[in-house]
Amino acid sequence: MANDVWVYIEHKDGAVSPMSFELLGIGKQLADGFGSSVCAFVIGDKVDDLAKEAFAFGASKVYVVEGEVFKGFRGEAYAKAAAFLLEKYKPEAALFRGTSMGTDVSAAAAAQLGFGLCTDAIGLAVDGGKLKMTRAAFGGNYSVSVVNEKAVPQIATVRPKAFAMPEKDASKSGEVVKEPFSLADSDIATKVVEFIQSAVAVNLVEADIIVSGGRGLGNEDGFAMIKELADILGGAVGASRAAVDSEWIPYEHQVGQTGKTVKPKIYIACGISGAIQHLAGMRTSDCIVAINKDPDAPIFKAASFGIVGDYKQIVPKMIEKFKAKLNR
Amino acid sequence: MKIAVCLKQVPDTEAEIKWDIPKGALSREGMDSITNPFDEFALEEAILTKENYDGEIVAVSMGPDKATDVLRNALALTVDQVYLLSDDAFAGSDTYSTAYVLASAIKKIGDVDVVFTGKQSTDGNTGVVGAELAAILGFSQLTYVSKVREIDAGGKKIVVERAIEGGVEVIEAKLPAVVSVIKGINEPRLPNLMGIRKASKVEIPKWSAGDLGVDASKVGAAGASTKVVEIAVPPPRGAGEILSGEVEDIANMITDKLIDLKVIK
Chain A
518 MANDVWVYIE
528 HKDGAVSPMS
538 FELLGIGKQL
548 ADGFGSSVCA
558 FVIGDKVDDL
568 AKEAFAFGAS
578 KVYVVEGEVF
588 KGFRGEAYAK
598 AAAFLLEKYK
608 PEAALFRGTS
618 MGTDVSAAAA
628 AQLGFGLCTD
638 AIGLAVDGGK
648 LKMTRAAFGG
658 NYSVSVVNEK
668 AVPQIATVRP
678 KAFAMPEKDA
688 SKSGEVVKEP
698 FSLADSDIAT
708 KVVEFIQSAV
718 AVNLVEADII
728 VSGGRGLGNE
738 DGFAMIKELA
748 DILGGAVGAS
758 RAAVDSEWIP
768 YEHQVGQTGK
778 TVKPKIYIAC
788 GISGAIQHLA
798 GMRTSDCIVA
808 INKDPDAPIF
818 KAASFGIVGD
828 YKQIVPKMIE
838 KFKAKLNR
Chain B
1430 MKIAVCLKQV
1440 PDTEAEIKWD
1450 IPKGALSREG
1460 MDSITNPFDE
1470 FALEEAILTK
1480 ENYDGEIVAV
1490 SMGPDKATDV
1500 LRNALALTVD
1510 QVYLLSDDAF
1520 AGSDTYSTAY
1530 VLASAIKKIG
1540 DVDVVFTGKQ
1550 STDGNTGVVG
1560 AELAAILGFS
1570 QLTYVSKVRE
1580 IDAGGKKIVV
1590 ERAIEGGVEV
1600 IEAKLPAVVS
1610 VIKGINEPRL
1620 PNLMGIRKAS
1630 KVEIPKWSAG
1640 DLGVDASKVG
1650 AAGASTKVVE
1660 IAVPPPRGAG
1670 EILSGEVEDI
1680 ANMITDKLID
1690 LKVIK
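Protein chains in written order, with the working numbering: chain A, 518 to 845; chain B, 1430 to 1694.
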């Protein structure tokens, strides 16, 4: 239907995580607001299983573009297929996760259709028959809501974890619509040569728990302690820009304005003062724990729990307690 | 090789940003401006490319007259030619309109092999203009680039590394290409005094909407499809709880509280 809400299902060579389906939850809510249905769309090579899983997470219909040319992700090819589907069906809204893949596909598809999009939405609502998209601006000190008046569909990329995961119900099913759309491989200007898996998996954006260190760690050895705590909690290691610029830890760990924007369920900031540039990247975390020697550090204003003290004393004690209480 | 680089002037990231909420615009008064930090990496990559492969660099910036500052900085760093893309009609452009104006400039420059951009700006923060620019120009779309391995202008080929979730992807692409780079791809250099002096005397050429031949209905506030409907100050986070006492007690309290959240698996 013309006012359906479409959710793009991202995958890596057919592999998905439950997070790939997270937007079907908010998609359903919005579709209820429009009096329409939430549909999924998938582009790839041999992606039948994904379609089935999309039904379990609430999609009422799944649109699929399949073909060997879509084996391995290439933004250009995927964007052309996405633009084809969105142009043909003209849904009310199309939601993409704000990951590197989601951003690449949505931006190029929107440009091919000739309009802009809203990125990194943290709020989505139906307002006056249109999709109202809210994003943080200027370090989260302001929130800006936009409506895309001319665009069909209205396209948004959504901050990962901004909305609750939908319930999974494996008994649900629906209609799969396979769309014939193909590209000649020679039409695609890019080719994936290889993928080098990171030795230390750093996926801050997907992490439920992040333990971060800043200048207050004093030196790079401090990160050994941060990592130990993160490992016990099954979390990822983050860092402030000061720690990255001091070369204590690589850039891919950086959280903040010139690093990653994250929204974990627990964010533990150790020796981070909380400059606005850092807060911009983590202030929407559900629970923030701040450990800092300086009682006046701005991080305490954002913290759910503040601990004034030396991380070198507190973190090892936390590790000891977690090990005992969690039997690890 | 012809190299283009897109530069944006942004409010100093150290500056306190104030919005004029009724007007829905930034109060730019008294605000220091800088080159978008991500664009400094794009500019440095353009300079390195010129040094490694020979060629010329053309830098463009879309913005008000004040944005000539970022172009002067580029000139001081041995960029060969700069253009300010400026027109009252551009004010209020959204990401698509911005990419469209930049694309029109790249076309006007002509025969560009590679366009460097920063991954995102630190004011708009959308991070999509590079991809949109590539789509509009029909150039190869290379985003999140952490390393340029090789450019073969004769063979019309480029090999880059992209830092994406979980690792690094090596991509070979046809030229022309739009390459948007991340922080850390290089160490941006600073201009020297002689360069700054020389650049200060250069008249910065300006291209208007008419010069670029852009369709005025597609740019600025008139062309933007995204309209700001509300600007608000989000409610402050609820007052946090300061845990105090002996280290032993604090550690007990905080671990209990975090375990109670039922997030730790």
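Even glycine gets a Cβ: it sits at the ideal position worked out from N, Cα and C. Note that the coordinates shown come from a computational prediction; the quantities given were computed from them, not determined experimentally.
Can you find the residues in the same chain that come closer than 6 Å, C-beta to C-beta, to residue i, ignoring five residues on each side of it along the sequence?
i                : result
G752 of chain A  : A724, I726, I727 and V728
Q1510 of chain B : V1487
A1471 of chain B : V1434, F1545, T1546, G1547 and V1610
K1576 of chain B : E1590
V524 of chain A  : L540, L541, G544, A557 and L612
S763 of chain A  : none
K1635 of chain B : L1513 and S1515
What residues are listed by DSSP as bridge partners for residue i?
i                : result
M536 of chain A  : None, per the DSSP bridge assignment.
A653 of chain A  : A:S660
A610 of chain A  : A:V522 and A:Q671
K1576 of chain B : B:E1590
A1560 of chain B : None; A1560 of chain B has no bridge partner.
G640 of chain A  : A:T651
F1545 of chain B : B:V1434 and B:V1608
D1581 of chain B : B:K1586
V1489 of chain B : B:C1435 and B:Y1512
Y784 of chain A  : A:I727 and A:I805
S1462 of chain B : B:P1440
Measuring straight from C-alpha to C-alpha, what distance separates residue i and residue j?
i                : j                : result
S802 of chain A  : E666 of chain A  : 31 Å
V772 of chain A  : G1556 of chain B : 16 Å
I705 of chain A  : A594 of chain A  : 6 Å
V661 of chain A  : Y768 of chain A  : 29 Å
A571 of chain A  : V675 of chain A  : 18 Å
V664 of chain A  : G633 of chain A  : 11 Å
F590 of chain A  : A568 of chain A  : 17 Å
F587 of chain A  : E1579 of chain B : 25 Å
K708 of chain A  : A1564 of chain B : 17 Å
S1515 of chain B : G631 of chain A  : 22 Å
F822 of chain A  : G1667 of chain B : 11 Å
I1600 of chain B : N809 of chain A  : 42 Å
V522 of chain A  : G552 of chain A  : 10 Å
V1692 of chain B : F558 of chain A  : 30 Å
P513 of chain A  : I789 of chain A  : Outside the displayed span of chain A (518 to 845) sits residue 513 of chain A, for which this structure offers no information.
E1594 of chain B : K1437 of chain B : 27 Å
G1674 of chain B : L746 of chain A  : 21 Å
Going by other Cβ atoms of all chains shown within 10 Å of its Cβ, with 16 needed for buried, is residue i buried or exposed?
i                : result
Q714 of chain A  : exposed
N1465 of chain B : buried
L1526 of chain B : Residue identity check: residue 1526 of chain B is Ser in the sequence provided, not Leu. The residue in question, S1526 of chain B, is buried, as its Cβ has 16 or more Cβ neighbours within 10 Å.
P1664 of chain B : exposed
L1622 of chain B : exposed
R652 of chain A  : buried
A681 of chain A  : exposed
E1632 of chain B : exposed
D1542 of chain B : buried
D1483 of chain B : exposed
R1618 of chain B : exposed
L1690 of chain B : exposed
S1569 of chain B : buried
K597 of chain A  : buried
A1661 of chain B : exposed
In its own chain, which residues sit with a C-beta less than 8 Å from the C-beta of residue i, not counting the 5 before and 5 after it?
i                : result
F740 of chain A  : G730, L734, V754, A756, A760, W765 and I766
P677 of chain A  : M536, E539, R614, G615, T616, V722, E723 and K780
P1620 of chain B : N1502, A1505, L1506 and A1628
A845 of chain A  : Note that residue 845 of chain A corresponds to Arg in the displayed sequence, not to Ala. So the list reads I749 and F839, once near-sequence residues are dropped.
M650 of chain A  : C635, A638, G640, L641, S662, V663, V664, N665, Q671 and A673
K1612 of chain B : P1466, F1467, F1470 and K1548
S554 of chain A  : M518, D521, V522, A548, S577 and K578
Let me see if you follow: with CB-CB separation under 8 Å, is residue i close to chain C or not?
i               : result
K588 of chain A : Here the protein chains are A and B, and chain C is not one of them.
Counting only the same chain and skipping the five closest in sequence on each side, list residues whose C-beta sits under 7 Å from that of residue i.
i                : result
E585 of chain A  : D562
G592 of chain A  : D621, V622 and A625
V1643 of chain B : Y1529, V1530 and S1533
F574 of chain A  : F538, L541, P683 and K685
I1463 of chain B : V1439 and D1441
G798 of chain A  : V772, G773, Q774, G776, K777, T778 and V779
I831 of chain A  : I808 and I824
D1397 of chain B : Examination of residue 1397 of chain B is not possible in this model, given that chain B is present from 1430 through 1694 alone.
E604 of chain A  : L630
Complete runs of the beta strand (DSSP E) confined to the stretch 1585-1660 of chain B [at least 3 residues]
Here the runs fully enclosed are 1586-1593, 1596-1603 and 1606-1610.
Tell me the start and end of each unbroken beta strand (DSSP E) in the stretch 711-757 of chain A that is at least 3 residues and wholly inside, in chain order.
If one requires a minimum length of 3 residues, the beta strand (DSSP E) runs lying completely within the stretch 711-757 of chain A are 726-730 and 753-756, in chain order.
Report the residue ranges of all alpha helix (DSSP H) runs contained in full by the stretch 547-591 of chain A; include only those spanning at least 4 residues, in chain order.
The stretch 547-591 of chain A contains these whole alpha helix (DSSP H) runs: 565-573.
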